[in-house]
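The numbering of the sequence shown is our numbering, which starts it at 89 and goes up by one. Ideal placement from N, C-alpha and C gives every residue a C-beta, glycine not left out.
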Amino acid sequence: MEEKEFETLLDGETYLESLRDGREVFIDGEKVEDVTSHPAFRNSARSIARIYDSMHDPDLRDQLTAVDRFGIRTHKFFQPSYTAKELREARDALVIWARMSYGFMGRTPDYKAAFMASMGCAPEFYEPYTDNALNWYKKYALRGLFLNHVLINPPIDRKKPIHEVKDVFVHVEKETDNGIIVSGAKMLATGSALTHATFVAQNSAVHLDPENAKDFALVFIAEVDTPRSKLLCRRSYESSARSPFDNPLSSRFDENDAVIVFDKALIPWENVLVYRDTERATAFYGASGFFQRYNLQAATRLAVKLDFMSGLFAKAIESNGTENFRGVQVALGNILAWRHLIWGLTETMCRNPEQGPGGCVVPRVEDALAARIFGRESWPAIHNLFETFLGGSPLVAPSSYRDFHHPELRPLLDKYYRGSDSDAVERIKLMKLIWDSIGSEFGGRHLLYELNYSGNNEQIRIDVVTNAEKRGVLDECKSLVDRCMSDYDLSGWTGQDWVFDE
Ligand SMILES: Cc1cc2nc3c(=O)[nH]c(=O)nc-3n(C[C@H](O)[C@H](O)[C@H](O)COP(=O)(O)OP(=O)(O)OC[C@H]3O[C@@H](n4cnc5c(N)ncnc54)[C@H](O)[C@@H]3O)c2cc1C
């Protein structure tokens, strides 16, 4: 497709500027004036700004962006892929962005691209809001917008039907000529304070009663500065980070998780994708290919993170002088094997895709399901290996970088805190990086993230079974067993060539 005249993808500066609007972000008893300068968000905002700048870097531009079928130059994952080659190139573009946070930012702008791109090739699913879908795709792709998403209802009254929790769950209150008025809360809006808009929908696993839950059967996009909407943030790990030396990850990659609250907020009609349609409110997952594509993004980001963790572990055991012990090598082998598995899955997801909506290709759903489960399993397993095989060493570190500046302490630190292969500064730098990745509050949140971001631990497994039943995989597996059982019966082998002497 020939590129049109426009090149309007955001860069770092225009991205930061775009966040200075009327958004209502609350943290620590305070309404934030400007997220780009507030200590709770400013460095994470700059990390995202660097990501935007990368699309304008002459060395990266062609690896990261391409011209879509509308003539829009956008990130390769922000547009649908029509061949396995395009999907693989999109994967490689995801890698470049994931490496910029060493895999520690899960909800960079490419995450929601997994969904938004699908509206560029199959907007008709959202009929009668087809134009809304297509217009959103174009606006989104053109600027490379940053969306967060909230699918989960707050963890209250789980045992009740959705429509019986109207005091809390997001629902439409009334409709007007301008749009729909919505109220309620949703979680967890990861990264939301630094995004342009929130995608709001129901989790694919919820049951919406066709008669009673229509008011809850919504899919819409809310600009972050929507009047009468608020983001209630969790504690910031960025603002409590001691220094770059002490908290090299949390001080710049903290994606704050928030609860979004709508209090009679007006969502203009042009932002509505599904309205009071209990079937389509969850069917869009399957219809859009979102599930397969978000798992490609997530697995790619995780693969980069596992590269990082493999390197981190290898350097730590060298520093401890344990790298030649057999048991320690076994641990490193395990970490590397997790890394190989997840990278391998991303390759398979690109090289062996299936037909998606509107002529695009998406990863096979079985590969996506496997990546979702084993991605989740990899992180606690690796955590455990770090904790087991590094022993107490991540805590053998002075309280902060300032101890190195104290004249009485410095000689002691240099002597007693040296590594087997490095000086004390280098070793402590490494150990503090390890602690920030697995042990700090930021590290703890990462464990919770990897375990839960893709759905609760039961649902992600149930989905594998449902899919295997639906697509005939389970029948194929069972028929293989039937074939084996038909090889013999009470009188011996049913085949001619095997021998049985009674
Ligand atoms: C760090 C972090 C970031 C996140 N970011 C986002 C985000 O950006 N957007 C977003 O939408 N979500 C996000 N989430 C939310 C995440 O998707 C949910 O936490 C996840 O889907 C699990 O849901 P839940 O926490 O409500 O747990 P639940 O669904 O309540 O599950 C917990 C357990 O309760 C039991 N249970 C619950 N309901 C049932 C039931 N109906 N039947 C039987 N058993 C049941 C099961 O044993 C289940 O394992 C994030 C979560 C974390 C931790």
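Beta carbon of residue i nearer than 8 angstroms to that of residue j
i, j, result
"residue 522", "residue 404", "yes"
"residue 205", "residue 257", "no"
"residue 277", "residue 113", "no"
"residue 102", "residue 139", "no"
"residue 288", "residue 238", "yes"
"residue 291", "residue 240", "yes"
"residue 341", "residue 158", "no"
"residue 268", "residue 363", "yes"
"residue 366", "residue 473", "no"
"residue 283", "residue 230", "no"
"residue 506", "residue 515", "yes"
"residue 430", "residue 463", "yes"
"residue 337", "residue 524", "yes"
"residue 175", "residue 198", "no"
"residue 203", "residue 481", "no"
"residue 330", "residue 344", "no"
"residue 407", "residue 511", "no"
"residue 374", "residue 210", "no"
"residue 396", "residue 420", "no"
"residue 273", "residue 317", "no"
"residue 172", "residue 449", "yes"
"residue 351", "residue 110", "no"
"residue 123", "residue 107", "yes"
"residue 355", "residue 270", "yes"
"residue 161", "residue 155", "yes"
Per DSSP, the bridge partner or partners of residue i
i, result
"residue 161", "155"
"residue 320", "114 and 347"
"residue 353", "270"
"residue 309", "287"
"residue 119", "114"
"residue 443", "449"
"residue 262", "269"
"residue 240", "275"
"residue 581", "576"
"residue 363", "306"
"residue 235", "285"
Coil, strand or helix - residue i by DSSP
i, result
"residue 476", "helix"
"residue 102", "helix"
"residue 341", "coil"
"residue 544", "coil"
"residue 296", "coil"
"residue 222", "helix"
"residue 230", "helix"
"residue 257", "strand"
"residue 108", "coil"
"residue 377", "coil"
"residue 144", "coil"
"residue 525", "helix"
"residue 404", "helix"
"residue 412", "coil"
"residue 388", "helix"
"residue 511", "coil"
"residue 490", "helix"
"residue 182", "helix"
"residue 594", "Given that the chain is displayed from residue 89 to residue 590, the structure contains no residue 594 and the question cannot be resolved."
Contact with chain B by residue i, beta-carbon distance below 8 angstroms
i, result
"residue 113", "In the displayed structure, chain B is absent; only one protein chain is listed."
### Query
Counting pairs of Cβ atoms below 8 angstroms between the stretch 371–388 and the stretch 447–459, do you hit three or more?
Verdict: yes, contact present.
### Message
For the pair the stretch 317–335 and the stretch 118–135, tell me if three or more CB-CB distances fall below 8 angstroms.
### Response
Contact holds between the stretch 317–335 and the stretch 118–135, because three or more Cβ pairs, one in each stretch, are under 8 angstroms apart.
### Task
Take every Cβ of the stretch 463–479, pair it with every Cβ of the stretch 527–544, and state whether three or more of those distances are shorter than 8 angstroms.
Output reads yes: the stretch 527–544 touches the stretch 463–479.
### Message
Counting beta carbon pairs with one atom in the stretch 374–381 and one in the stretch 221–228, are three or more of them shorter than 8 angstroms?
### Response
Verdict: no, contact absent.
### Message
I'd like to know if the stretch 565–581 and the stretch 297–317 are in contact, where contact means that at least 3 CB-CB pairs between them fall below 8 angstroms.
### Response
With fewer than three CB-CB distances shorter than 8 angstroms, the stretch 565–581 does not count as touching the stretch 297–317.
### Query
Are there three or more Cβ pairs, one per stretch, closer than 8 angstroms when the stretch 410–421 is compared with the stretch 137–155?
No: the two stretches stay apart, fewer than three of their Cβ pairs being nearer than 8 angstroms.
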